[in-house]
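Asks:
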Amino acid sequence: MRCAPQFLSILLALGASTCLTSAARAQGGSSTTRSRENSTVKDHVRRGQRARAAGQWSEAHAAYKAAFDAADRASSTERERAEIAGELGLCEVALGKYRDAAEHLALSLEQREALPAALQKRFEEGQRNATPHVAKIRVSVDPPDAEVIIDTKPIGRVARVYTLFVEPGLHTVRAQAPGREDAFQTLRTVAKAEHEISLHCPRASVSSAKEDAPGSPSETPRAPSSPAAAQARPPSPWAAWPGTARIGGIVVTTATAAAGAVFLLRAHVIHGDLRERDVTRRAQGWTSHTCRDANAPASCAGIRDQVNERDLFATLGKVSLATSAVFGVATAASFFTEVAFFGGAPKAAGLRIVPVTTSDRAGVLVEGAW
Numbered sequence: 001m002r003c004a005p006q007f008l009s010i011l012l013a014l015g016a017s018t019c020l021t022s023a024a025r026a027q028g029g030s031s032t033t034r035s036r037e038n039s040t041v042k043d044h045v046r047r048g049q050r051a052r053a054a055g056q057w058s059e060a061h062a063a064y065k066a067a068f069d070a071a072d073r074a075s076s077t078e079r080e081r082a083e084i085a086g087e088l089g090l091c092e093v094a095l096g097k098y099r100d101a102a103e104h105l106a107l108s109l110e111q112r113e114a115l116p117a118a119l120q121k122r123f124e125e126g127q128r129n130a131t132p133h134v135a136k137i138r139v140s141v142d143p144p145d146a147e148v149i150i151d152t153k154p155i156g157r158v159a160r161v162y163t164l165f166v167e168p169g170l171h172t173v174r175a176q177a178p179g180r181e182d183a184f185q186t187l188r189t190v191a192k193a194e195h196e197i198s199l200h201c202p203r204a205s206v207s208s209a210k211e212d213a214p215g216s217p218s219e220t221p222r223a224p225s226s227p228a229a230a231q232a233r234p235p236s237p238w239a240a241w242p243g244t245a246r247i248g249g250i251v252v253t254t255a256t257a258a259a260g261a262v263f264l265l266r267a268h269v270i271h272g273d274l275r276e277r278d279v280t281r282r283a284q285g286w287t288s289h290t291c292r293d294a295n296a297p298a299s300c301a302g303i304r305d306q307v308n309e310r311d312l313f314a315t316l317g318k319v320s321l322a323t324s325a326v327f328g329v330a331t332a333a334s335f336f337t338e339v340a341f342f343g344g345a346p347k348a349a350g351l352r353i354v355p356v357t358t359s360d361r362a363g364v365l366v367e368g369a370w
């Protein structure tokens, strides 16, 4: 029994030493990880410096980009992150990637107080070289936590006012927030210009929110469509044979009127030609009985052919116009008859036909998609 307290104290001492050892190992492991990440960032920076000194801008850009992606608040200081962003922007200016250069240089110069004066001058000069090639968009969003998307690139959740650098041209800026409708605006940007837009995401209506919610039942369930249900529906008056006949009447009226106009125009041209030649022949001594004599000139046959052609075209034109008038009156009468008997004009999806009459003419106005 005397050994029991001593044995218990030994066990407690072993447990305490084990806990202290585990905590020291965990703290040492986290510090080792941070130091390893810090050394990785510094390795990328040194590799970028060597490539930049050798004029290898592509290699320098890749190294500084890797350092920029690896640097965070836990493994680097504010000055280091600003310096990496600025050096990355200078590499992008040398490679002609002006939009990315303007963005990274602006990000670096936001922390200009942490940079030495020499680096500030270099980065400001790089920004002046990149600015003439890009456009600047100042976006104000409401609500402030709305996510901003330009074209198809998500910018993330930004402050109430955010500055974007874009290539000159047509761009679409969209803002979206939970429980609100999307807001977007399209604008054409110009190099060296600054554009300001404001996006307000209105609150989504309760009905639309219920419809958009996954798994929410519909207020009025739709009955499944079936051939029997389709057959049970009453046929539309416009789908019956009177509607088809009206369309045919309109087509025939238009076609015959156009043909009649063409025929009469041709007859008028031939008549004018005959009159001009008749004036010329009378000046040469011809009379109205010259072509009736037995020894008439040979050109009289051509004159008679022209006269017959003129009369034919004139007759065809008159017949076509008369036919057009008959079909037009019949078609218009069908509309007036339906209005008189049924109290309304026929309705068609995508097609609207209205009879029009004045004191001296009558016609049909057709509207819709053919």
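Residue numbers (UniProt numbering): 1 to 370. Backbone N, C-alpha and C fix where the C-beta goes; we use that ideal spot for every residue, glycine too.
(1) Buried or exposed, going by whether 16 or more other CB atoms sit within 10 Å of the CB of Arg50?
(2) Would you kindly report the start and end of the unbroken beta strand (DSSP E) that includes Asp142?
(3) Kindly indicate the opening and closing residues of the beta strand (DSSP E) around Ala183.
(4) Distance check for Ser205 and Asn129, CA to CA, integer angstroms please.
(5) Taking the continuous beta strand (DSSP E) assigned at Arg174, which residues delimit it?
(6) Regarding Glu181 and the ligand NAP, is the C-beta to nearest heavy atom distance less than 8 Å?
(7) Where does Glu196 fall in DSSP's three states?
(8) Between which two residues does the beta strand (DSSP E) holding Glu147 run?
(9) Within a Cβ cutoff of 8 Å, which residues of the same chain sit near Ala296, ignoring the five residues on either side of it in sequence?
(10) Keeping to the same chain, check which residues put their C-beta closer than 7 Å to that of Ala314; ignore five residues upstream and five downstream.
(11) Using the C-alpha atoms, what's the distance from Ala66 back to Asp43?
(12) With a Cβ-Cβ cutoff of 9 Å, do Leu109 and Glu124 count as a contact?
(13) State the DSSP-derived secondary structure class of Pro217, mapped to helix, strand or coil.
(14) Enumerated in chain order, which unbroken segments of the alpha helix (DSSP H) with a length of 4 residues or greater are wholly contained in the region 57 to 120?
Replies: Judging by the given coordinates:
(1) exposed
(2) 135 to 142
(3) 183 to 189
(4) 48 Å
(5) 169 to 176
(6) Judged by which ligands are present, the structure shown has none, so any question about the ligand NAP falls away.
(7) strand
(8) 147 to 150
(9) Thr290
(10) Leu264, Ala267
(11) 10 Å
(12) yes
(13) Note that Pro217 has pLDDT 47, beneath the 50 cutoff, so the model's placement of it is unreliable and no number is given.
(14) 57 to 70, 78 to 94, 98 to 109
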